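Here is the structure we will look at.
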Amino acid sequence: ILSVSGVLANSLVCAAIVKNRSLRVHSNILLQALSLNDLMIGLTSSNTILVSLCASDLLYGLVTVPMQVACAVFMVNDLCIVTDTLVKFISVSTIIHILLITVDRYIFIVYALRYYAIVRKRRVVGTLLGVWSVNAVITLVRLHWALRVDKIFNWFCLITFFFVPLLFTIILDAKLLSVLRTQIRKIVQDNLLHIRKKQIIRTKNRERRAVCVYLVVVTTFILCWLPYFLY
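Using my numbering, the first residue of the sequence shown is number 88, and each one after it goes up by one.
Below you can see the structure in the form of C-alpha cells.
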C-alpha cells in the first residue's frame with residue numbers, strides 16, 4: 088500500500104510540474120528530482136514485493152522462504168543484489184536532494200535580492216547531474232563488491248553521504264528558523280503601514296511553516312532510513 092501510494096503521489100507531483108508552466112521554477116526542478124527519487128523507491132519496493140509473492144523458493148529449491156527474508160539473510164540472488172544496490176543509490180540521492188532543497192530555501196530567504204542571480208537553471212541542472220554522477224560511481228563500486236563486506240568503505244559511504252548531508256540539512260534548517268524569527272521581530276518593530284506589515288509577516292510565517300515541513304521530512308527520513316543504513 089505504501090509503495091503504491093508513493094508511486095501515485097510522486098507521479099502526480101511530477102505531472103503537475105510538467106503541465107503547469109507557473110510551477111516550472113528553479114526550486115521546483117529540485118522538488119521534481121526528489122519526487123523522481125521517491126518514485127523510483129516505490130517502483131523498486133513494489134518490484135521486490137511482487138517477485139517475493141510469486142517466488143516459491145530461492146536457494147535452488149532447498150529452502151522455501153519469502154524472498155525479502157532470504158535476501159536479508161543470504162543476499163545470494165541477483166535480484167536481491169540489484170535491488171539492494173538500487174535502494175542504496177536512491178536513498179543516498181534522496182538525502183542529497185533534501186540538502187539541496189534546504190540550501191535553495193536558505194539562499195531564497197537570506198539572500199532574497201540575489202536569489203535569481205545565484206540560483207540559475209544551468210547551475211541547478213549541473214548540480215543535479217553532478218550528484219547523480221558521483222552517486223552512480225559509488226553505487227557501481229558497491230555493486231562490484233556486492234558479495235564482499237568492506238566495513239571501511241561502508242562506513243565511509245555512511246558518514247560522507249548520509250550523516251554529513253543530514254547534519255548540514257539540520258543546521259541550515261535551524262539557522263533558517265532563527266533568521267525568520269529575527270526578520271519577523273524586526274518587521275514588527277519597524278514603522279511600516281499596518282496592512283503592509285501584516286502582509287510581510289504573513290509571508291514570513293508561510294516561509295517558517297515551509298521550513299518546519301522540511302524538518303518533518305528530514306525527521307521522517309532519519310526514522311525510516313537510519314536503521315537500514317546501520318544494518
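Note that the Cβ used here is the ideal one computed from N, Cα and C, for glycine as well.
Source: prediction; values computed, not measured.
Residue interval of the alpha helix (DSSP H) (run including ASN241): For the purposes of this step, residue 241 is identified with residue 154 of the sequence shown, where counting begins at 1. Taken as a continuous stretch (DSSP letters only), the alpha helix (DSSP H) holding ASN241 covers 238 to 245.
- prompt: Beta carbon of ILE128, beta carbon of ILE177: below 8 Å?
  reply: Reading the sequence shown from its first residue, position 41 is the one you call residue 128. Reading the sequence shown from its first residue, position 90 is the one you call residue 177. Cβ distance < 8 Å, so ILE128 and ILE177 count as in contact.
query: Can you tell me the Cα-Cα spacing of ASP191 and GLN119, whole angstroms?
result: Working through the sequence shown from its first residue, we reach residue 191 at position 104. Working through the sequence shown from its first residue, we reach residue 119 at position 32. CA-CA distance, ASP191 to GLN119, rounds to 14 Å.
field: N-terminal and C-terminal residue of the alpha helix (DSSP H) that ALA199 is part of
entry: For this step, residue 199 is matched to residue 112 along the sequence shown. Note, ALA199: premise wrong, no alpha helix (DSSP H); not H, not E.
- prompt: For ILE229, which of helix, strand or coil comes out of DSSP?
  reply: In the sequence shown, residue 229 corresponds to position 142, counting from 1. The question names Ile, but residue 229 in the sequence shown is Arg. Helix at ARG229.
message: Relative to the C-alpha of THR289, which candidate in ASP171, VAL305, LEU267, THR181 has its C-alpha closest?
response: Within the sequence shown, numbered from 1, the residue matching residue 289 stands at position 202. Residue 289 is actually Arg in this sequence, not Thr. Of ASP171, VAL305, LEU267, THR181, the residue nearest in Cα terms is LEU267.
- prompt: Cα separation between ASN204 and CYS299?
  reply: By one-based count along the sequence shown, residue 204 stands at place 117. By one-based count along the sequence shown, residue 299 stands at place 212. Note on residue identity: the sequence assigns Ala, not Asn, to residue 204. So the alpha carbons of these two residues sit roughly 26 Å apart.
query: Can you round the beta-carbon distance between VAL212 and ILE116 to whole angstroms, since I take them to be within the 8 Å contact cut?
result: Indexing the sequence shown from 1 puts residue 212 at position 125. Indexing the sequence shown from 1 puts residue 116 at position 29. Right, their Cβ atoms sit about 7 Å apart.
message: Let me check understanding here. Comparing Cα to Cα, which of PHE248, GLU294, ILE185, ARG209 lies closest to THR226?
response: Here the question's residue 226 lines up with position 139 in the sequence shown. It is PHE248.
query: For LEU130, which option in LEU173, ILE183, VAL112, PHE240 has the closest C-alpha, if you only look at C-alpha atoms?
result: Counting from 1 along the sequence shown, the entry for residue 130 is found at position 43. If we check each option's Cα against that of LEU130, LEU173 comes out closest.
- request: Report buried or exposed for ARG207, applying the criterion of at least 16 other Cβ atoms within 10 angstroms of its Cβ.
  value: By one-based count along the sequence shown, residue 207 stands at place 120. With fewer than 16 Cβ atoms within 10 Å of its Cβ, ARG207 is classed as exposed.
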